[in-house]
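The structure appears right after this line, and notes come after that.
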Amino acid sequence: MDTPVRIVVQPSGQVVEARRGDRLLDIAREAGIVFEAICGGAGECGKCRVVVDPPDAVEMIGEPGRSAPSPGERAQGYVLACRSRVVGNCTMTVPVESRIIAPKILIPDQIDPCDLDPAVRAYRVSVGSDPFAVGSSVRLEDYHGPRPRIDREVFERLRNRGGDCWGIVHSDGERARIFRVTREPGRKIGLAVDLGTTTVVGVLVDLETGRVIGTGAALNRQITWGEELLTRCAFGRAEAGCATLRRAAGESIGLVLMGAAEQAGLEPGEVAEVVLAGNTVMTWLVAGRNPSPLELVDAPIDRDIVRFPAGELGLPLDPATPVTCLPSISRFVGGDVVGDMLTAGLCRGEEVSLLVDLGTNGEIVLGCAEWRACTSCASGPAFEGGGISSGMRAMEGAIERVSYDPDARAISWFTIGGGAPRGICGSGIIDAAFAMYRAGVLDFTGRLVEGAPGVRRNAEGLEFVLVPEDGSATGRAITVTERDMTYLMDSKAAVLGAVKVLLDRYRIGTADIRHLYLAGAFGAYADLESVVGFGILPRLPNAEVHAIGNGSLAGAYSVLVSRARRREAADCAESTAYIDLLVDPAFVETYTAALQIPGPPSLFPNA
Ligand code: FES
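Structural data, given as structure tokens:
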């Protein structure tokens, strides 16, 4: 039998063993090593670059594609992990550009303590005279609610203790279950999680006070099976793929739980409920549902709260601990957006509000307590720095701010950390586009103007040089190319066109909107003047702007601590209309009209 090969992974120092001939990407997945692999291992995105030393410890699989490292880079050991099989002992370094850094956690504000009414409570148990009549002989002191279900195993424990114990009941108003038996009522702890496509963040909550006592974050281990949701859907088509992705999600949630528990100084096993908010694909995968129907336009979505026991996810908890997922609305408007809606109070407010959550997918909700409509658009990852030639995530060395000084006629920029720039992140690229437009580098259709300062021609067309070769940390110029601009214009037109479809459908003018809620990193870091100036969102003259941070996590938190919010989540999902832009003829027109900077005059009066 072949002796295994030994791979030292840097910078972590982790040592893994693998079979000779195994693909590097599979070895990394197996060992839980996470790096960029946007296309899921198809050899197309060129993002899974690693450095192997010695270079001849790996062999290339197939022909080098367009995204393969250049011969010079290959000589330095650069390879694509998805196109390389290991044949000898080596060191594999994940370079900075391939690493994914866990995000800062935007901790939710606590909700009003008067709402505190968690679904999990402890009740003193008394067992009646007929201990063999399952359920009928168990009494819970001071319990009012639907008759609780008791698993046989739990009942046996109750019976053996002769009633001198406490039953931990999960009751969400519709159904109730005694899922744990303890000697003392104990402290009730819950975990709220935002299960993102890239990152997973969570907070541990004391359910008696509503206080956040620990936080945790981890990369979603599914990421090496592709960054795009549809790539993961495709991988999850087969039963084994679906199980693999479910296990990867469970491991990621487990890491979040362990980190938060360590911070709080408690045992993870004390957690009595987990509430998850994720997009529809994440929710289906974590619940063990095959996601392939979500690849279809008319995917059936039941809009129900999803429940299952923690044991199915392999979490380090009592296997009977309830896991609750916020309901989805459509295949691209999931529980994460319902969480945003809870956080923004969209289902409670009297005034018309617009909620925008821009990630790889853009989700938009318009309405108030009486009516609501939502839609989703393919905004792409451009506003997070993805898909842009010099794009990168918001981490040290990323240009995060770009501005134009009309007096000096100069464009300037700042990086995260203040050092030499390595690329440009989402907030930076939005700023850059607006600054370039103001500087006359872009015309109103978003095309680069040949002859404008800083614009040069390369082999593929025009590009604007934001940072020349000798000013960057990598020795490569940081540029915005014609292709980047086409992509950015497409992304911004998708969002603006989607907003206009909702406004037109409900006959709402920009002046009617009183609140603009911006969720996620886009809301926290993007500069609103650039967002409106470039024409991603319309000018809303009467709107108060609220950056709600991680609204999805805050929504999961509120469901965890309040049964009223849990009902609100169910109502919100049930009674929010979904407009499918893929079949809405108006979108073609609004999208086309939005392919200008900033956009149609009806959305930008006085622009
Ligand atoms: S090229 Fe995309 S994951 Fe390797």
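Taking the numbering used here, the leading residue of the sequence shown gets 139, the next gets one more, and so forth.
Using N, Cα and C, we set each Cβ at its ideal position, and we do this for glycine too.
When Cβ pairs closer than 8 Å are counted between the two stretches, the stretch 189-197 is seen to touch the stretch 209-218, the count reaching three or more. DSSP lists 341 and 413 as the beta-bridge partner residues of residue 330. Nearest in C-alpha terms to residue 226, of all of 212, 145, 440 and 447, is 145. The C-alpha of residue 577 lies about 7 Å from the C-alpha of residue 544. Note on the stretch 592-643: whole beta strand (DSSP E) runs with a minimum of 3 residues are 593-596, 599-605 and 616-619, in chain order. The C-beta distance from residue 412 to residue 461 rounds to 5 Å, short enough to meet the 8 Å contact threshold. Along the stretch 642-700, the alpha helix (DSSP H) occurs as fully enclosed runs of 4 or more residues at 658-663, 666-672 and 689-699, listed in sequence order. Between residue 495 and residue 540 the beta-carbon gap is near 23 Å, outside 8 Å, which marks them as no contact. Residue environment analysis places residue 709 among the exposed positions, since fewer than 16 neighbouring C-beta atoms fall within 10 angstroms of its C-beta. Within the model, the alpha-carbon separation for residue 735 versus residue 717 is close to 25 Å. In this structure, 337 is the residue among 440, 337, 435 and 438 with its C-alpha nearest to the C-alpha of residue 389.
Remark: C-beta atoms of residue 304 and residue 322 approach each other more closely than 8 Å.
Proximity of the beta carbon of residue 372 to the ligand FES is not indicated: no heavy atom of the ligand is located closer than 7 Å.
A direct Cα-to-Cα measurement between residue 206 and residue 184 gives close to 6 Å. Judged by beta-carbon spacing, residue 675 lies beyond the 8 Å limit of residue 583, meaning their Cβ atoms are not closer than that value. Remark: C-beta atoms of residue 514 and residue 565 do not approach each other more closely than 8 Å. In this structure, residue 362 sits away from residue 587, with a CB-CB distance that is not shorter than 8 Å. Taking the Cα positions, residue 155 is about 48 Å away from residue 512. Counting of Cβ neighbours within 10 angstroms places residue 472 among the buried residues, the total reaching 16 or more. Non-local beta-carbon contacts of residue 264 in its own chain, meaning distances under 6 Å to residues more than five positions away in sequence, involve 277 and 301 in chain order. Within its own chain, the residues whose Cβ lies closer than 8 Å to the Cβ of residue 357, once the five positions on either side in sequence are excluded, are 172, 238, 240, 336, 337, 338 and 390, listed in chain order. Between the ligand FES and the CB of residue 226, the shortest heavy atom gap is not smaller than 7 Å. Here residue 579 carries a coil assignment [DSSP, helix/strand/coil].
Note on residue 395: 16 or more other CB atoms within 10 angstroms of its CB, so buried under the neighbour-count rule.
Taking the C-beta atoms as reference points, residue 476 is found no nearer than 8 Å to residue 501.
A residue is called buried when at least 16 other Cβ atoms come within 10 angstroms of its Cβ; residue 282 does not meet this threshold and is exposed. DSSP places residue 434 outside any beta strand (DSSP E), giving it a letter other than H or E. A Cβ closer than 7 Å to some heavy atom of the ligand FES marks a residue here, and those residues are 163, 175, 176, 177, 178, 179, 180, 181, 182, 183, 184, 185, 186, 205, 218, 219, 220 and 221.
For residue 372, the enclosing alpha helix (DSSP H) starts and ends at 367-373. As a beta-bridge residue in DSSP terms, residue 537 pairs with 553 and 562. In the three-state reduction of the DSSP assignment, residue 355 falls in the strand class. Counting of Cβ neighbours within 10 angstroms places residue 656 among the buried residues, the total reaching 16 or more.
In the displayed model, residue 380 falls within a helix according to three-state DSSP.
In the three-state reduction of the DSSP assignment, residue 424 falls in the helix class. In terms of Cα proximity to residue 157, the closest of 419, 143 and 170 is 143. It is roughly 41 Å from the alpha-carbon of residue 165 to the alpha-carbon of residue 595.
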